[in-house]
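Numbering (this note's numbering), first residue to last: -1 to 205. Where is the CB? At the ideal position from N, CA and C, for every residue including glycine. Notes for the one structure printed next.
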Amino acid sequence: MLDTEATECDVDKDPPIRIVEAITRHQLSPDEKRKTKRWRQKQVKLGHDLPKEVRDFMWKRNWEVLPTRDRLHRFGVVPSARCPNCRADESAHHAMFECLAAKPVWRLVAKDFKIRPPPSLDRNRGAFAKLVIACTLFVIWKRRCVAEGKKTPVRAAYPAVSRIRLMVWKHLSEQLEASGEEKFLRRWHTRFFFLKDGNLSMPITPY
């Protein structure tokens, strides 16, 4: 498979994510490629709602091309599908929601930001809730990648929540500066922050 569907990759040098993306791209049907193009165009319009690195991550998640252990094992890149954080077989759903490293993060985020936790994420509405959810998924995935790289579990929940807070705060501050108060409040209005002297103030201040 690698010889025919990832010909542009060097299996000895390229990271697994690069190889998986090449294989997936090769396997897309013409209709799927058209859908990908339309999805990208839609994300350009909606992109200001998420930080760029989160937006790129969400694209990979939605198209199911994240280099999870089950995918890498299926492609023959790694010897097993075991999760780097809990040793269960790792799928994307497991990594994001079921893993021992993910569940405490969701509990704290749900309490902190007053969102509905898994399995009720789809019931959350509004740009603010969607921003929090996307940043949480991104941070959980990045921690999983750290665990994979270090070959040791990374499970501490509070540092993850701290990073999520900072990402949300930074993005909202940038949106306020870019759009002005009136437009910003129409888009991001929530009880979890208010404007004081043109600056953001909120109970969930970074720490």
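Which residues in the same chain as K156 place their Cβ atom closer than 8 Å to its Cβ, once the five residues preceding and following it in sequence are excluded?
The amino acid occupying residue 156 in the given sequence is Tyr; Lys does not appear at that position. Result list for Y156: L106, in chain order.
If you count every other CB in all the chains shown that lies within 10 Å of the CB of D68, and 16 or more means buried, which is it?
Buried.
Check the C-beta distance from L129 over to H187 and give it rounded, since I have them as a contact under 8 Å.
Contact doesn't hold; Cβ gap of about 13 Å is too wide.
With 16 other CB atoms within 10 Å as the buried threshold, where does Q173 fall?
Q173 should be labelled buried.
Assigned secondary structure, V52 (DSSP; H/G/I helix, E/B strand, else coil):
Secondary structure at V52: helix, using DSSP grouped into helix, strand and coil.
Looking at C-beta atoms only, is the number of pairs between the region 157 to 164 and the region 93 to 108 that lie closer than 8 Å three or more?
The answer is yes - the region 93 to 108 touches the region 157 to 164, with three or more Cβ pairs under 8 Å.
Nearest residue (CA-CA) to P116, options G124, F126, I131 and M165
The option with the nearest alpha carbon to P116 is I131.
Using a threshold of 7 Å, is the CB atom of V152 nearer than that to any non-hydrogen atom of the ligand ZN?
As for the ligand ZN, it is missing from this structure, which has no ligand bound.
Going by other Cβ atoms of all chains shown within 10 Å of its Cβ, with 16 needed for buried, is P77 buried or exposed?
Under this definition P77 is an exposed residue.
Would you say M94 and L48 are within 8 Å of each other, going by their C-beta atoms?
Against a cut-off of 8 Å, the Cβ pair of L48 and M94 comes out as no contact.
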